[in-house]
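Below is one structure; the comments refer to it alone.
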Amino acid sequence: MPTIYESTVPVLIHNLSNLANLLKKGESYADSKKIDHAILINARLFPDMFPLSKQVQIATDMAKGAAARLGGVDIPKFEDNERTFEELQERISKTIKFIETIKSDLMEGADTRDIEITVRDNVLHFSGKDYLLNWVNPNVYFHVTTAYNILRHNGVEIGKSDFLGLNP
74 MPTIYESTVP
84 VLIHNLSNLA
94 NLLKKGESYA
104 DSKKIDHAIL
114 INARLFPDMF
124 PLSKQVQIAT
134 DMAKGAAARL
144 GGVDIPKFED
154 NERTFEELQE
164 RISKTIKFIE
174 TIKSDLMEGA
184 DTRDIEITVR
194 DNVLHFSGKD
204 YLLNWVNPNV
214 YFHVTTAYNI
224 LRHNGVEIGK
234 SDFLGLNP
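Counting with the numbering used here, you get residues 74 to 241 for the letters of the sequence shown.
Structure, rendered in structure tokens:
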């Protein structure tokens with residue numbers, strides 16, 4: 074059975090690294106087709122859904138929030154002002170660098186740690202394990218998948234192996 078650390082830090086880094094690779098392929102695609110980068114960065118699957126940029130911001134917020142809460146440290150604050158592929162890549166890179174600072178000893182006992190988060194005026198209570206498995210992981214996968222779908226829907230030639238990180 075993996076530890077809470079093994080289920081958090083390497084998994085989040087893997088997913089964010091895959092997201093960075095998807096964005097690289099999106100940028101290359103836009104360049105090759107002479108598509109303004111802003112078109113992809115602002116693309117949505119449906120009008121009431123967030124654009125690609127916000128999908129990246131939420132995925133990174135979820136990841137750094139999880140690492141910090143489970144590691145018992147302060148969550149770094151990032152502005153949500155990325156408008157280019159380069160800025161989105163930098164955000165992912167900063168998030169990964171932060172997550173890498175969380176060592177396994179900080180997460181000892183984190184599976185039973187009380188975690189409280191507020192979402193739209195609702196206070197949610199979790200054990201550390203439930204927070205990771207039932208809140209963080211589904212949210213990270215949702216937003217990385219939605220970013221993938223936005224890029225794919227707009228013609229970027231990516232597939233399941235890109236999402237899984239088998240196609241760097």
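Glycine is no exception: its CB is placed at the ideal position from the N, C-alpha and C atoms.
Counting only runs of at least 4 residues, the stretch 157 to 210 fully encloses the following alpha helix (DSSP H) elements, listed from N- to C-terminal order: 158 to 173 and 201 to 204. Contact annotation: Asn-88 and Val-229 have beta-carbon atoms that are not nearer than 8 Å.
Judged by DSSP secondary structure, Ala-116 falls outside any alpha helix (DSSP H); it is assigned neither H nor E. For the pair Asn-115 and Gln-130, the Cα-to-Cα distance works out to about 13 Å.
The count of Cβ pairs closer than 8 Å, one atom from the stretch 143 to 151 and one from the stretch 232 to 240, stays below three, leaving the stretches out of contact. For Ile-223 and Leu-92, the gap between their C-alpha atoms comes out near 12 Å. Lys-202 and Thr-185 have their alpha carbons spaced roughly 7 Å apart. Contact annotation: Tyr-221 and Leu-95 have beta-carbon atoms nearer than 8 Å. Secondary structure note for Gly-145: it is in no alpha helix (DSSP H), with a DSSP letter that is neither H nor E. Between Phe-171 and Met-180, the alpha-carbon positions lie close to 15 Å from each other. If you check the CB distance, Ala-136 and Val-213 come in under 8 Å. Going by DSSP, Phe-236 is part of the alpha helix (DSSP H) stretching over 233 to 237. The Cβ neighbour count for Val-82, taken over all protein chains shown within 10 Å, is at least 16; the residue is labelled buried.
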